[in-house]
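S.K.: Following full-length UniProt numbering, the numbering of the sequence shown begins with 1 at its first residue and continues without gaps.
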Amino acid sequence: MEPSSPVLAAYSYCEAVTGLQARNFAYGIRLLPADKRRAMSALYAFSRRVDDIGDGELAPDAKLARLEQTREVLALVRAGEVTEDDTDPVAVALGHAATVFPIPLEGLDELIDGVLADVRGEEYETWDDLKVYCRCVAGAIGRLSLGVFGTVPGARDAGRAPEYADTLGLALQLTNILRDVREDADNGRTYLPAEDLAKFGCSAGFHGPVPPAGSDFAGLVHFEVRRARALFAEGFRLLPMLDRRSGACVAAMAGIYHRLLGRIAADPGAILRGRVSLPGREKAYVAVRGLTGYDARQTARGRRP
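This is the structure:
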């Protein structure tokens, strides 16, 4: 049944937020049918709100308070206490989406936990430590999205679908961390594991276009790229479990980041000189390939898209 006019208006707001602020994400979800596209936009808009608090200009104590207020809104959504005439369109849309799809909303609590770690300035000694953070801010999004996508009846190993969705989220997040290493350093943040930085002589950090003196920066980048590629290879096992359009959506979003990872591997120093990205025409190309099923078949076999 088509949502009511107030709910459709709330979804339209979320879709506008997604279109303006999530170019890579938007390339993928435009491949979905309307009900799934709306639900994914609601998830994105709520997640964007959480991220914006963490990245904003408020003092740390104010950020912590705002994040806890956002958690309270999420609790109301989970309890079904947000009505369609509520003044918060993101809460209205998310609440409706949760009645249509089996979305594990606790994943959004994990996202809040991850952003709280950012606000507190937590750093990570080992990859195992960083994985906990990545699962909060990205793996959880993969599991939330799977609640919208669902799996096809009779899919082999469908019980492992949440695991693969989580792992694919880790792959995307590690790619993000590599891409943003200079920007994060300028903002006083370090995400790469301290033991990895020490191994390659990069403990001094990244505050300019030139790697730390005497470091093996390229070696560090290639080490992390191999880790990310292994995560992609594992996470892409999710694709055959999804219907055609959901699989196309995932193949498009993940394929964009997979290609981005390839660019970083080809020129590690580029991430210190500026923001590495794909042109719009290449993103569109990946999306079209995903819709035809080509990228889904290739990536599910562990091949580079």
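Glycine is no exception: its CB is placed at the ideal position from the N, C-alpha and C atoms.
Please classify residue 28 as buried or exposed, where buried requires at least 16 neighbouring CB atoms within 10 angstroms.
M.R.: One-based indexing of the sequence shown puts residue 28 at position 28. Residue 28 should be labelled buried.
S.K.: Can you give the beta carbon distance from residue 220 to residue 200, rounded, assuming they're within the 8 Å contact cut?
M.R.: Reading the sequence shown from its first residue, position 220 is the one you call residue 220. Reading the sequence shown from its first residue, position 200 is the one you call residue 200. With a beta-carbon spacing of about 4 Å, residue 220 and residue 200 fall inside the 8 Å limit used to define contacts.
S.K.: Mapping the DSSP letters down to three states, classify residue 223 as helix, strand or coil.
M.R.: Locating residue 223 in the sequence shown gives position 223, where the first residue counts as 1. Three-state DSSP puts residue 223 in a helix.
S.K.: Below 6 Å CB to CB, which residues in the same chain sit around residue 304 once its five sequence neighbours on both sides are set aside?
M.R.: Along the sequence shown, read from residue 1 onward, the residue named residue 304 stands at position 304. Low local confidence applies: a pLDDT of 41 at residue 304 is under 50, so the model's placement there is unreliable, with the coordinate-based value given in what follows. The answer is none, since no qualifying residue turns up.
S.K.: Are the region 162-169 and the region 260-267 in contact at 8 Å, needing three or more beta carbon pairs?
M.R.: no
S.K.: Going by the CB atoms, is the gap between residue 80 and residue 95 shorter than 8 Å?
M.R.: Here residue 95 refers to the residue found at position 95 when the sequence shown is read from its first residue. Here residue 80 refers to the residue found at position 80 when the sequence shown is read from its first residue. Cβ distance < 8 Å, so residue 95 and residue 80 count as in contact.
S.K.: Below 7 Å CB to CB, which residues in the same chain sit around residue 125 once its five sequence neighbours on both sides are set aside?
M.R.: Position 125 of the sequence shown, counting from 1, holds the residue named residue 125. Taken in chain order, the residues that qualify are 193, 194 and 195.
S.K.: Inspect the CB distances between the region 7-20 and the region 32-43 and report whether three or more fall short of 8 Å.
M.R.: yes
S.K.: Among residues of its own chain, excluding the 5 on either side of residue 109, which ones have a beta-carbon nearer than 8 Å to its beta-carbon?
M.R.: Locating residue 109 in the sequence shown gives position 109, where the first residue counts as 1. So the qualifying residues of the chain are 71 and 74.
S.K.: I'd like to check one pair, residue 11 with residue 38: are the Cβ atoms closer than 8 Å?
M.R.: To locate residue 38, count along the sequence shown from 1; it is residue 38. To locate residue 11, count along the sequence shown from 1; it is residue 11. Contact flag set, yes.
S.K.: Counting only the same chain and skipping the five closest in sequence on each side, list residues whose C-beta sits under 7 Å from that of residue 54.
M.R.: As a position in the sequence shown, residue 54 is number 54, starting the count at 1. Excluding residues within five positions, the ones whose Cβ falls inside 7 Å are 63, 115, 118 and 119.
S.K.: Can you tell which of 206, 202 and 198 has its C-alpha closest to the C-alpha of residue 188?
M.R.: Here residue 188 is taken as the residue at index 188 of the sequence shown, counted from 1. Taking only the C-alpha atoms, the option nearest residue 188 is 206.
S.K.: Where does residue 57 land, buried or exposed, given buried means 16+ other C-beta within 10 angstroms?
M.R.: Counting from 1 along the sequence shown, the entry for residue 57 is found at position 57. So residue 57 counts as exposed.
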